[in-house]
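S.K.: My questions will all concern the structure given below.
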Amino acid sequence: MSKRRSSSATSINSGGVVLCEHNVPAVVKTSGTSTNPCRQFYGCSYWQNVDGKHKCRFFRWVKRIDYGNQDLEAIIIH
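First residue of the sequence shown: 171, per the numbering used here; consecutive thereafter.
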């Protein structure tokens with residue numbers, strides 16, 4: 171049984187993988203909008219599945235944190 175941390179429908183499994191509300195591993199994508207150019211976010215791999223069976227709108231911004239010499243990721247929960 172894996173441990174998960176959860177907050178506002180965002181889960182992170184014991185391996186540090188972000189999961190959507192359906193426990194599917196999220197992928198990091200990059201915004202191409204003019205308001206958030208090149209900004210990274212987590213989205214479900216079923217974000218725009220065209221088969222009509224799966225569609226998940228999970229979305230969380232990735233925030234980069236400068237921690238000494240390390241570049242850490244944090245999930246912004248809204």
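No residue lacks a Cβ here, since even glycine has one placed at the ideal position from N, Cα and C.
Return the first residue and the last residue of the beta strand (DSSP E) that residue 200 is part of.
M.R.: Counted from its first residue, the sequence shown places residue 200 at position 30. Run containing residue 200: 196 to 200, per the beta strand (DSSP E) assignment.
S.K.: Straight-line CA distance for residue 186 to residue 204?
M.R.: Working through the sequence shown from its first residue, we reach residue 186 at position 16. Working through the sequence shown from its first residue, we reach residue 204 at position 34. Going by the C-alpha atoms only, they are around 30 Å apart.
S.K.: In whole angstroms, what separates the C-alpha of residue 200 from that of residue 189?
M.R.: Your numbering for residue 200 matches position 30 in the sequence shown. Your numbering for residue 189 matches position 19 in the sequence shown. Approximately 18 Å, taken between the alpha carbons.
S.K.: Are the CB atoms of residue 232 and residue 213 within a distance shorter than 8 Å?
M.R.: As a first step, residue 213 must be located in the sequence shown, where it is residue number 43. As a first step, residue 232 must be located in the sequence shown, where it is residue number 62. Not a contact, by the Cβ cut-off of 8 Å.
S.K.: Can you round the beta-carbon distance between residue 229 and residue 191 to whole angstroms, since I take them to be within the 8 Å contact cut?
M.R.: The residue labelled residue 229 in the question sits at position 59 within the sequence shown. The residue labelled residue 191 in the question sits at position 21 within the sequence shown. At roughly 11 Å, the Cβ-Cβ gap does not stay under 8 Å, so residue 229 and residue 191 are not in contact.
S.K.: With respect to the beta strand (DSSP E) encompassing residue 212, which residues constitute its N-terminal and C-terminal limits?
M.R.: Numbered from 1 along the sequence shown, position 42 holds the residue referred to as residue 212. Counting along the chain, the beta strand (DSSP E) containing residue 212 begins and ends at 210 to 214.
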